[in-house]
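Residue numbers for the sequence shown follow numbering that gives the first Met the number 0, beginning at 0 and rising by one.
Structure first, then comments.
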Amino acid sequence: MIKIGLTGNIGSGKTTVSQVFSILQIPVYHADEESRRLLLDPAVIEKIKNTFGEGFVTQTGEVDRKALGTIVFADSHELSQLTDILHPLVIEDFREWCKSKKESIYVIHEAAIIFESGVEKDFDKIIHVSCPKEIAIQRVIERDGTTREEILKRMQFQLTDEEKADRSDWVISNDGTLMLIPQILELDKKLRAVS
Ligand code: ATP
0 MIKIGLTGNI
10 GSGKTTVSQV
20 FSILQIPVYH
30 ADEESRRLLL
40 DPAVIEKIKN
50 TFGEGFVTQT
60 GEVDRKALGT
70 IVFADSHELS
80 QLTDILHPLV
90 IEDFREWCKS
100 KKESIYVIHE
110 AAIIFESGVE
120 KDFDKIIHVS
130 CPKEIAIQRV
140 IERDGTTREE
150 ILKRMQFQLT
160 DEEKADRSDW
170 VISNDGTLML
180 IPQILELDKK
190 LRAVS
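What follows is the structure, encoded as C-alpha cells:
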C-alpha cells in the first residue's frame with residue numbers, strides 16, 4: 000500500500016481535494032481531526048499540563064485548545080513544543096490506522112504541516128495543494144468568518160506555497176483557474192498504475 004501525504008497551507012483546499020479522493024474510495028486520514036481526538040487522551044493532557052502549565056487544562060480536565068492556540072501561534076518555540084508532543088502520536092496513530100486499510104491501493108494523510116513537522120519521510124509520495132496566499136485568505140475569511148490578522152498569525156510558521164510545491168512530488172493547482180477534479184483523477188490514475 001502506498002502512503003500519500005496531502006499537504007498545503009491554510010485554506011489551500013486540502014479538505015476539498017481529500018473529499019474527492021474519498022469519493023474515489025480512497026481512505027483519508029485527517030491529521031487535524033485526529034490530533035483533536037488524541038488531545039483527549041489523559042496521558043497527553045498530562046504532558047500538556049507539564050509543558051505549558053495547569054492553565055491550559057480546563058476545570059473539566061480537557062485541554063483548552065483556544066488558550067493553547069493563542070500561545071502557540073504567537074511563538075515558534077511554543078509551537079514546536081506542541082508539535083513535539085503531538086506529531087509522534089499522530090504518526091503512530093496513522094500507522095495503526097493503515098493496518099486496517101491494507102486492502103486499499105493507496106491511502107492519503109491530510110496535514111498542513113508535513114514538511115514543517117519533519118514527517119515527510121513517513122510518506123511514499125507527497126501531493127501539495129497550491130493556492131496563492133491572498134486567495135486562500137479570502138476563502139478562509141468566507142469559510143470561518145475569521146479575520147485576516149488571525150489567518151496571517153497561523154500562516155507565519157508555515158513554509159511558503161512555493162517551497163512546499165518544490166519539495167512535493169506532485170502539485171494540484173487550486174487558484175481557481177484549473178478545475179480540481181481532472182487534476183485529482185489524473186493523480187489517482189498514476190497512483191493506481193504504480194501500485
Ligand atoms: P484548512 O487548512 O484551514 O483546514 P484547507 O486547506 O483544508 O483549509 P478547504 O477547507 O478545502 O482548505 O478550502 C478552504 C475554503 O475554500 C473552503 O470553504 C472551500 O470550500 C473553498 N474552496 C476550496 N477550493 C475552492 C475552489 N477551487 N473554488 C472556490 N472555493 C474553494
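Ideal Cβ placement from N, Cα and C applies to all residues, glycine included.
- Item | Spatial distance of Q137 from Y28 (CA atoms) | 26 angstroms
- Message: So if DSSP puts W169 in a beta bridge, which residue, or which two residues, is it bridged to?
- Response: DSSP lists I126 as partners of W169.
- On the DSSP bridge assignment, give the partners of I84 in chain order. DSSP, once it has assigned bridges, lists no residue as partnering I84.
- Message: Quick check: does the Cβ of G12 come within less than 8 angstroms of any heavy atom belonging to the ligand ATP?
- Response: yes
- Message: Buried or exposed for M178, going by 16 or more other Cβ atoms inside 10 Å?
- Response: exposed
- Message: According to DSSP, is T145 part of a helix, a strand, or is it coil?
- Response: When secondary structure is reduced to three states using DSSP, T145 falls in the coil class, being assigned neither helix nor strand.
- Task: Examine the ligand ATP and report whether any of its heavy atoms sits within less than 8 angstroms of the Cβ of E161.
- Result: no
- Message: Please report the distance separating the alpha-carbon of V19 from that of D40.
- Response: 31 angstroms
- What are the start and end residues of the alpha helix (DSSP H) that includes V19? 13-22
- Task: Could you name the residues of the same chain whose beta carbon sits closer than 8 angstroms to that of I180, not counting the 5 residues immediately before and after it, in chain order?
- Result: Hits under 8 angstroms: V19.
- Message: With a threshold of 9 angstroms between beta carbons, is H29 in contact with chain D?
- Response: The structure shown contains no chain D; it is built from a single protein chain.
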